[in-house]
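So the sequence shown is numbered by our numbering: it starts at 1378 and just counts up by one.
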Amino acid sequence: PPHPIFIGPNVTQCFASFSDDYQPVNCCSGIPSYTEEELLATAKDFEFPVFNESQIRVRRPVHKITDTVFMEKYRKATEIMKNLPITNPHCFARQANIHCSYCTGAFKEENYDDMLLRIHRSRLFFPFHRAYLYFYERIVGKIMGDDSFAIPYWNWDVPEGMYMPDMFMNGSLFHHKRETTHFPPRVTQNDFYKSDEFLGPEKQVEANLALMYVQMVSGAKTPELFMGCPLKAGHDGWCMGLGTIEMSPHNSLHSWTGITSLPELEDMGAFYSAARDPLFYAHHSNIDRLWHVWRELNDVKEEWSDPEWFNSFFYFYDENQQLIRVRVSDMLDETKLGYRYVPSETPWLDYKP
Ligand code: C2O
């Protein structure tokens, strides 16, 4: 058969799947199975939003936000989402399960019945999560009744942001399955592995900055090194060439946030459960920002232009509960997506070893 030139989920059948530790999981409430006919009748292709300058959603560093009205609105919207019935695609648990389904292989790859789709550990990582956050942000904004809502970013690459953010330490933005010994004022361990020793606040900050230099600069000189390997359709969904930032601080701060004594460092530490913690979205807001920063540092506009990359796609629900088919090429220019980042300092640029 001809080799398809895209990678994407076959959502006509969602399967019970497995966690990294081979625990059975079922995240099929995220995007339930659709028949071919239903898909044709309901799914729409992504369209770029129409907006003017004043409507751009501005993602800010969490630790600098002092606006309590914003915090309360964000908490209220999250609470509403947590209380929605599972029949509503905006239900918080369903949103979390969408992430779970794309991570644990709940869908086969379109046109490849023997291949499960997984969106981590390859160049699909950045565009998938950009799209996931894009829709999540629109949904939260809709529920808040405030279209300007922008997901704040957990700015763990500057010393002032190297803590679990206060905003996420109470109300509906708090999450009970987090490592309590890592609560503020404990400095983040950006290269955390389960057995790692905490270096003490000052040395840990230095180590975190030095790590950033390697992951963003010296170790990330090409798109493949930074973004991950160019996964091919029908090839094993783990091409095991994850990019520098995905490896750490991304993976490592997931692990650091989850409960150390749980088998898979739940909830943040495991793919199947990570998005159950509202902090997930602020973590990924920073990841997405760093993609932008890397492009600026390297003067790159598009890392690849092959059809397998451009045409790879995912499904999500938008703020109107509409099922949307979004392609990687839709996610490559965030200025067309109606959001931007308040720039942050990059102290790690001075941490050349
Ligand atoms: Cu899809 Cu931070 O993981």
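Glycine included, every Cβ here is placed at the ideal spot set by N, Cα and C.
All values derive from a computational prediction rather than experimental measurement.
Item: Beta-carbon proximity of Trp1668 to Phe1503, cut-off 8 Å; Value: yes
Item: Residues that Glu1514 bridges to, as DSSP identifies them; Value: According to DSSP, Glu1514 bridges with nothing at all.
Item: Contact under 8 Å by Cβ, Gln1698 with Pro1466; Value: yes
Item: Burial state of Val1734, where buried means 16 or more other Cβ atoms lie within 10 Å; Value: As displayed, the chain neither begins before 1378 nor continues past 1730, which places residue 1734 out of reach and without an answer.
Item: Ala1508: CB within 7 Å of a non-hydrogen atom of the ligand C2O; Value: no
Item: Closest Cα partner of Asp1727 within the set Tyr1590, Glu1623, Pro1655 and Arg1666; Value: Tyr1590
Item: Any non-hydrogen atom of the ligand C2O within 7 Å of His1559 CB; Value: no
Item: Cutoff 6 Å; reference Phe1526; Cβ partners in own chain excluding five residues on either side; Value: Val1517 and Gly1518
Item: Coarse secondary structure for Arg1766, derived from DSSP in three states; Value: Examination of residue 1766 is not possible in this model, given that the chain is present from 1378 through 1730 alone.
Item: Spatially closest choice to Phe1648 from Arg1666, Glu1623 and Arg1672, by CA coordinates; Value: Glu1623
Item: Between the CA atoms of Leu1494 and Glu1486 - distance to the nearest angstrom; Value: 5 Å
Item: Alpha-carbon spacing of Lys1678 relative to Arg1507, whole angstroms; Value: 16 Å
Item: Any 3 or more C-beta pairs closer than 8 Å across the region 1603-1611 and the region 1577-1591; Value: no
Item: heavy atom of the ligand C2O below 7 Å from His1497 C-beta; Value: yes
Item: The region 1386-1394 in contact with the region 1404-1423 per 3-pair CB rule at 8 Å; Value: yes
Item: Pro1386 - partner residues in DSSP beta bridges; Value: Glu1486
Item: Contact between the region 1711-1724 and the region 1420-1438 (3+ Cβ pairs under 8 Å); Value: yes
Item: Host beta strand (DSSP E) of Phe1690 (start-end); Value: Phe1690 to Tyr1694
Item: Heavy atom of the ligand C2O within 7 Å of Ala1651 beta-carbon; Value: yes
Item: Identified DSSP bridge partners for Pro1438; Value: Tyr1530
Item: Exposed unless 16 or more other CB atoms sit within 10 angstroms - verdict on Pro1626; Value: buried
Item: Closer than 7 Å: His1552 CB and nearest the ligand C2O heavy atom; Value: no
Item: Three-way DSSP call (helix, strand, coil) for Val1703 in this model; Value: strand
Item: heavy atom of the ligand ZN below 7 Å from Cys1480 C-beta; Value: Within the structure as shown, the ligand ZN is missing, the only ligands being the ligand C2O.
Item: Segment contact, 8 Å Cβ cut-off, at least three pairs: the region 1626-1645 with the region 1441-1451; Value: no
Item: Stretch pair the region 1636-1645 + the region 1707-1716: three plus CB contacts closer than 8 Å; Value: no
Item: Where Asp1491 sits in the DSSP three-state scheme; Value: strand
Item: Any alpha helix (DSSP H) of 4 or more consecutive residues that is wholly inside the region 1594-1657; Value: 1600-1604 and 1629-1634
Item: Nearest-angstrom Cβ-Cβ length linking His1660 and Leu1510, presumed shorter than 8 Å; Value: Contact doesn't hold; Cβ gap of about 10 Å is too wide.
Item: Phe1560 and Met1541 closer than 8 Å at C-beta; Value: yes
Item: The alpha helix (DSSP H) enclosing Tyr1451, as first and last residue numbers; Value: Thr1445 to Asn1460
Item: DSSP-derived helix/strand/coil call for Asp1422; Value: strand
Item: Residue environment, Gln1400, which counts as buried when at least 16 other CB atoms sit within 10 Å; Value: exposed
Item: Exposure of His1553, with buried meaning 16 or more beta-carbon neighbours within 10 Å; Value: exposed
Item: Phe1545 - DSSP class collapsed to helix/strand/coil; Value: helix
Item: 8 Å Cβ cutoff, His1627 in contact with chain D; Value: Here chain D cannot be found, since the structure has a single protein chain.
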